[in-house]
Amino acid sequence: MGQSFVQKVFAKYAGKERVEVGEIVTVEPDFILSHDNSSAISKTFKKMGAEKVKYPDRLVIVLDHCTPPADSKYATNHKEVREFVVEQGISNFYDINKGICHQVFIEEGFAAPGRLILGSDSHTTSYGALGCFSAGIGRTEAASIWATGQLWLMVPKTLRIKLEGKLPENVFAKDVILFLLGKMGADGALYKSVEFCGKVVDEMDIEDRIVLCNMAAEAGAKNGYCLPDEKTFDYLKGRVKETFEAVYPDNDDGAEEISFDLSSLKPQIACPHSVDNVKEVSEVKGTKINQVVIGTCTNGRLKDLKIVAKVLEGKKVSKNVRFLVFPASMDVYKKALKGGIIDIIVEAGGIIMNPNCGPCLGAHEGALAPGEVCLSTSNRNFKGRMGSNESFIYLSSPYVAAISGIKGEIDYEI
Amino acid sequence: MKFKGNVFKYGDNVNTDVIFPGKYTYTITDRKEMAKHSMEDLDPDFVKKVKVGDIIVAGKNFGCGSSREQAVICLKESGISVIIAKSFARIYFRNCINEGLPALICSEIYDNVESGDEIEVDLKEGKIITQKNTFSFPPFPKKVQEILSAGGLVPYVQYKIKK
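Order-wise, the sequence lines are chains A and B.
Heads up, the first sequence is in my numbering, so the first residue is 1 and it goes up one at a time.
Heads up, the second sequence is in my numbering, so the first residue is 1 and it goes up one at a time.
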């Protein structure tokens, strides 16, 4: 039998001819990402008896979760990270003026086809959009990689999702992944390597593919993967650090396959309190909202802000809605400024925040009060995630979020 | 290794936000303090009732969501000795092993126990003994056994570094 993408990558990194599904292998990742949690990781690292990071150039640290710090505890956390970075001579460090770790990681050229990347954040799956293997791990595991350069991984099964047809107008990658989550459930891809392919994926640009791979994590996937093509190689030109070699699966890799024709897909929305509680937006049309969040590692890229600006141009956000916009990175912010996008959003009554994770994890900048409803372009709507555990979070595309922000209630038609 | 304790039973898709709220992830660093917020948004009585050795029995996809290890640490520090679920979210499963908290996959037990029942888990024999039945679970792969026997990834790496 042939080999899957993940079998080939794991075999290469484990120094073996071939590895089988279910086998445990020890690998040395190309890069290990961490963020504000780097302070906690550094403490575990020291507790392990380690003194020097084994491969300092493989660490990528981006401060993004609560930036600028909301209080002195967060400030102390950031300070400890900066001290560790200096002490260990870590060159790939990005302070609070750079953006969300996953966006920065991709922009800075660390993600590339065929690479093996691990990160102490569940949305590390995002980089599969560029054809690498990337998966989230825990803090203790990150510390052990810092100390030894290695980690154990189990070779996962592969689930190939074929997305055929052509997406209707105003239906986006976010609608596709929400639709899939609704169909598959929050454990629909548990432990699996998910490969997105088919005509819809071929048509998508890299920004869209990132949305699919980012939220593959919400179906329990170990990683997401899109086959590298000309768009991938174009995106990497002048950006990628060092060389890379694309890896593709064999035709007879024995992967489980499912396929969907998306030609008549309608705008989708995840309702409280789980990502797989997905409906067509029309079913919850008219639900009053108090806040809109545009941003996060899922939907804070330039393409998303452009869609939002197009909807908002010449209109005003509802007086009952706090319309918060978080560009995913400073690079996105600058491009949006130059393109006049920021102007339009501010004129419409939106609030531009600094690039960071914002209220997605409930730490600061836009927490919800009891009874309040938020429509967000982020990736999780668990109870209490954005503040009060008596608040409600819906998840949608930036397009639906922008229209709803104008109307003060959930809607998908201008 | 054998464990005996009372069952706390929960459903499917228990996520890390209800096990340990995200708002505390950077403000609480003390392990004992983490335990005080265990299951805060799911079962406020958990922290009042839990005793050392108690066992969680859950449905599918336990620990889905964020990669935060506090969602494992808080349960371990609360006294939980084993978690048995129909399935685990992948990072949560890894975090359990790396914290030295056995995470067992067994579907059959779910409909055969209730919260408050006393059950026994024999890791070496791969058996779960309830008042009426005995259930078995697949043994851990060798690498996982090594980490669990060392007491988690920290002592495991400590040993390797010293060696």
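For every residue, glycine included, the Cβ atom is placed at its ideal position computed from N, Cα and C.
For residue i, the nearest candidate out of the options (CA to CA)
i: A/LEU227; options: A/ALA309, A/GLY114, A/VAL308; result: A/GLY114
i: A/MET215; options: A/GLU203, A/HIS123, A/ARG301; result: A/HIS123
i: A/PHE105; options: A/ARG385, A/LYS43, A/ASP30, A/GLN291; result: A/ASP30
i: B/CYS106; options: B/LYS60, B/LEU153, B/LYS4; result: B/LYS60
i: A/LEU337; options: A/LYS306, A/GLY362, A/PHE93; result: A/LYS306
i: A/VAL155; options: A/LYS162, A/ASN97, A/ALA221; result: A/ALA221
i: A/PHE244; options: A/GLY408, A/GLU203, A/GLY109; result: A/GLY109
i: A/ASP304; options: A/LYS319, A/TYR333, A/SER282, A/LYS315; result: A/TYR333
i: A/LYS315; options: A/GLU83, A/VAL292, A/GLY349, A/ASN379; result: A/GLY349
i: A/LEU33; options: A/GLY185, A/SER134, A/PHE84; result: A/SER134
i: A/ALA129; options: A/ASP95, A/GLU230, A/GLN3, A/LYS79; result: A/GLU230
i: B/THR29; options: B/VAL52, B/GLU69, B/PHE93, B/ASP117; result: B/GLU69
i: B/THR16; options: A/ALA112, A/SER397, A/GLY384, A/PRO272; result: A/GLY384
i: A/CYS132; options: A/LEU178, A/LYS162, A/VAL240; result: A/VAL240
i: A/GLN7; options: A/VAL171, A/VAL194, A/GLY339; result: A/VAL194
i: A/ILE478; options: A/ILE414, A/GLU347, A/ASN379, A/MET330; result: For chain A, the structure presents residues 1 to 414; residue 478 of chain A sits outside this window and is missing.
i: A/ARG18; options: A/LEU302, A/GLU365, A/SER259, A/ASP253; result: A/ASP253
i: B/GLY152; options: B/ASN95, B/GLY65, B/ILE109, B/ASP111; result: B/ASN95
i: B/ILE73; options: B/ILE161, B/ALA103, B/TYR159; result: B/ALA103
i: B/GLY65; options: A/ASN299, A/VAL247, A/VAL275; result: A/VAL275
i: A/TYR429; options: A/TRP152, A/GLU169, A/LEU212, A/ASN170; result: Chain A is shown from 1 up to 414; residue 429 of chain A falls before or after that span and cannot be answered.
i: A/GLU141; options: A/PHE179, A/LYS192, A/ILE41, A/LYS54; result: A/ILE41
i: A/GLY408; options: A/GLY224, A/ILE90, A/LYS288, A/LEU167; result: A/LYS288
i: B/SER136; options: B/ALA89, B/TYR110, B/GLY79, B/GLY5; result: B/TYR110
i: A/PHE233; options: A/HIS364, A/MET48, A/ALA112, A/ALA50; result: A/ALA112
i: A/GLU164; options: A/SER259, A/CYS360, A/GLY339; result: A/SER259
i: B/SER38; options: B/VAL7, B/GLY79, B/GLU120; result: B/GLY79
i: A/LEU265; options: A/VAL86, A/PRO168, A/THR26; result: A/PRO168
i: A/ILE117; options: A/SER318, A/LYS192, A/GLY136; result: A/GLY136
i: A/TYR55; options: A/LEU178, A/PRO272, A/GLU283, A/ALA147; result: A/ALA147
i: A/VAL346; options: A/VAL317, A/SER391, A/LEU190, A/ASP261; result: A/VAL317
i: B/ILE128; options: B/GLU146, B/SER115, B/GLU108; result: B/GLU108
i: A/GLU372; options: A/TYR399, A/ILE100, A/ASN389; result: A/ASN389
Residues bridged to residue i [DSSP beta-bridge criterion]
i: B/ASP122; result: B/LYS2, B/LYS127
i: A/GLU280; result: A/GLN268
i: A/LEU361; result: Partner(s): none; A/LEU361 has no beta bridge.
i: A/CYS374; result: A/GLN291, A/ILE393
i: A/TYR225; result: A/GLU195
i: A/ASP261; result: A/GLU164
i: A/LEU190; result: None; A/LEU190 has no bridge partner.
i: B/ASN15; result: B/CYS64
i: A/PHE133; result: A/LEU116
i: A/ARG322; result: A/GLN291
i: B/SER136; result: B/LYS127
7 Å Cβ cutoff met for residue i and residue j
i: B/GLU99; j: B/ALA35; result: no
i: A/VAL416; j: A/ALA173; result: Not covered by the structure: residue 416 of chain A. The range shown for chain A is 1 to 414.
i: A/ILE206; j: A/TYR235; result: yes
i: A/VAL145; j: A/PHE93; result: For clarity, residue 145 of chain A is Ile in the given sequence; the question names Val instead. It is not a contact, given that the beta carbons lie outside the stated cut-off.
i: A/LYS285; j: A/ILE410; result: yes
i: A/LEU312; j: A/VAL293; result: no
i: A/LEU375; j: A/SER404; result: yes
i: A/GLU28; j: A/GLY149; result: yes
i: B/PHE20; j: B/ALA71; result: yes
i: A/SER4; j: A/PRO249; result: yes
i: B/THR130; j: B/VAL113; result: yes
i: A/PHE326; j: A/GLY358; result: yes
Heavy atom of the ligand FAD within 6 Å of residue i beta-carbon
i: B/GLN70; result: Absence of the ligand FAD is noted for the structure shown, with no ligands found whatsoever.
The segment 76-96 of chain B: positions lying closer than 7 Å to chain A by Cβ: SER87, ALA89, ARG90, ILE91, ARG94, ASN95
Against chain A: residues of the segment 4-15 of chain B by CB proximity under 9 Å: ASP12, ASN13, ASN15
Secondary structure, alpha helix (DSSP H): runs of 4+ residues fully inside the segment 47-117 of chain A: The DSSP assignment places 72-88, 101-107 as complete runs of the alpha helix (DSSP H) inside the segment 47-117 of chain A, in order along the chain (cut-off: 4 residues).
Within 8 Å of chain A by C-beta, residues of the segment 103-135 of chain B in sequence order: Listed by position along the chain: nothing, the set is empty.
Residues of the segment 141-171 of chain A with Cβ closer than 7 Å to any Cβ of chain B, in chain order: GLU141, SER144, ALA147, THR148, TRP152
Selection of the segment 48-79 of chain B by Cβ proximity to chain A, strictly under 7 Å: Residues of the segment 48-79 of chain B with a C-beta less than 7 Å from any C-beta of chain A: LYS60, ASN61, CYS64, GLY65, SER66, SER67, GLU69, listed in chain order.
Selection of the segment 117-143 of chain A by Cβ proximity to chain B, strictly under 7 Å: SER120, ASP121, SER122, GLY136, ILE137, GLY138, ARG139, THR140, GLU141
Runs of beta strand (DSSP E) lying entirely within the segment 139-184 of chain A, each at least 3 residues, in chain order: Taking only runs of at least 3 residues, the beta strand (DSSP E) segments lying wholly in the segment 139-184 of chain A are 151-154, 158-164.
Completely contained alpha helix (DSSP H) runs for the segment 58-112 of chain B, where each covers 4 or more residues: List check, alpha helix (DSSP H) in window: 70-78, 90-99.
Under 7 Å (Cβ pairs) to chain B, residues found in the segment 374-391 of chain A: ARG380, PHE382, LYS383, GLY384, ARG385, ASN389
Length at least 4, wholly inside the segment 5-30 of chain A: the alpha helix (DSSP H) runs in chain order: 5-14
Segments of 4+ residues assigned as alpha helix (DSSP H) that fall wholly inside the segment 200-256 of chain A: 206-216, 230-236
Near-chain A residues of the segment 30-49 of chain B - C-beta to any C-beta below 7 Å: Among the residues of the segment 30-49 of chain B, those with a Cβ less than 7 Å away from any Cβ of chain A are ASP41, in the order of the chain.
Cβ-based contacts, 7 Å cut-off: residues of the segment 138-158 of chain B near chain A: Of all residues in the segment 138-158 of chain B, only PRO141, LYS143, LEU153, VAL154, VAL157, GLN158 place a beta-carbon less than 7 Å from a beta-carbon of chain A.
Cβ-based contacts, 7 Å cut-off: residues of the segment 75-102 of chain A near chain B: Cβ contacts with chain B: ASN77.
Members of the segment 260-291 of chain A near chain B, C-beta cut-off 7 Å: SER274
Residues from the segment 179-209 of chain A in contact with chain B, defined by Cβ distance under 7 Å: ALA186, ASP187, LEU190, TYR191
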